[in-house]
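S.K.: Handing you a structure now.
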Ligand SMILES: [Zn+2]
């Protein structure tokens with residue numbers, strides 16, 4: 356038996372002023388997008404902003420539904436908007452922010468498993484890493500330089516081989 360261990364790397368910034376300007380702007384757009392969330396059930400507003408390789412930015416927010424599974428996360432709203440309007444263009448970065456009055460949020464918000472898998476799909480498609488920038492309600496920010504740091508051993512259809 357071998358024990359395989361995988362290392363993930365997360366950069367932590369104590370304030371957005373430490374970040375590069377274009378990522379700071381993207382994060383501001385994600386924070387702004389929290390105001391457009393439709394989240395009457397969770398009262399957890401999430402905003403996301405995606406920057407494509409050509410510089411275009413698409414934003415999204417979580418959209419909930421009384422039939423729970425019909426809702427969708429902010430990250431996927433933004434990613435699917437970007438991919439449907441600029442198909443095939445690589446995603447350079449996605450910023451995610453959250454806002455809620457219902458509870459304390461001490462750490463940056465991190466994407467759910469489904470959104471991680473969707474990010475993995477587009478990263479694998481372009482072959483270029485997607486930087487993920489995460490913020491909660493404090494000044495603290497977490498950044499990973501590729502989806503593999505959020506989803507080690509990710510499912511990747513290209514790795515399946517026919518015999
Ligand atoms: Zn999600």
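Residue numbers (my numbering): 356 to 518. Glycine residues also receive a C-beta, built at the ideal position from the N, C-alpha and C atoms. Remember, it's a predicted structure, so these values are computed and weren't measured experimentally.
1. Three or more beta-carbon pairs under 8 Å between the stretch 415-433 and the stretch 493-505, yes or no?
2. Between residue 466 and ligand 1, is there a pair consisting of the residue's CB and a ligand heavy atom that are separated by less than 7 Å?
3. Whole angstroms is fine: what's the gap from residue 426's alpha carbon to residue 419's?
4. Can you check whether the CB of residue 394 is closer than 8 Å to the CB of residue 402?
5. Is there at least one Cβ from chain C nearer than 8 Å to residue 511's Cβ?
6. Here's a check: name, in chain order, each residue in its chain whose Cβ is nearer than 8 Å to the Cβ of residue 456, leaving out the five neighbours to either side.
7. Between 424, 358, 357, which has its C-alpha nearest residue 396's C-alpha?
8. Taking the continuous alpha helix (DSSP H) assigned at residue 407, which residues delimit it?
9. CB residue 510 to CB residue 478, shorter than 8 Å?
10. Hey, is residue 469 close to ligand 1, as in C-beta under 7 Å from one of its heavy atoms?
11. Sorted by chain position, which residues of the same chain lie with C-beta nearer than 8 Å to residue 379's C-beta, five sequence neighbours on each side aside?
12. Please go through the same chain and pick out, in chain order, the residues whose beta-carbon is closer than 7 Å to the beta-carbon of residue 448, but skip the five residues on each side of it.
13. Under the criterion of a Cβ to heavy atom distance below 7 Å, does residue 431 qualify as lining ligand 1?
M.R.: According to the structure shown:
1. no
2. In the chain shown, the residue the question calls residue 466 occupies position 111. Residue 466 Cβ: within cutoff of ligand 1.
3. Stepping through the chain shown from its first residue, residue 426 is reached at position 71. Stepping through the chain shown from its first residue, residue 419 is reached at position 64. Residue 426 and residue 419: Cα-Cα distance of roughly 4 Å.
4. Residue numbering aside, residue 402 sits at position 47 when the chain shown is read from its first letter. Residue numbering aside, residue 394 sits at position 39 when the chain shown is read from its first letter. For residue 402 and residue 394, no; Cβs fall outside 8 Å.
5. No chain C is part of this structure, which consists of one protein chain only.
6. As a working note, residue 456 is residue 101 in the chain shown. Within the same chain, residue 456 has close Cβ partners 398.
7. Against the chain shown, residue 396 aligns to sequence position 41. Among 424, 358, 357, the Cα nearest to that of residue 396 is on 424.
8. Taking the chain shown and counting its residues from 1, the one referred to as residue 407 is at position 52. Run containing residue 407: none in the alpha helix (DSSP H); it sits in the beta strand (DSSP E), 400-407.
9. The residue you call residue 510 lines up with position 155 of the chain shown. The residue you call residue 478 lines up with position 123 of the chain shown. In this structure, residue 478 does not lie closer than 8 Å to residue 510 by Cβ.
10. Taking the chain shown and counting its residues from 1, the one referred to as residue 469 is at position 114. Residue 469 Cβ: within cutoff of ligand 1.
11. One-based indexing of the chain shown puts residue 379 at position 24. Taken in chain order, the residues that qualify are 371, 372.
12. Residue 448 sits at position 93 when you count from the first residue of the chain shown. 378, 381, 406, 485, 486, 488, listed in sequence order.
13. What you label residue 431 is simply residue 76 of the chain shown in a count that begins at 1. Within the cutoff, so yes.
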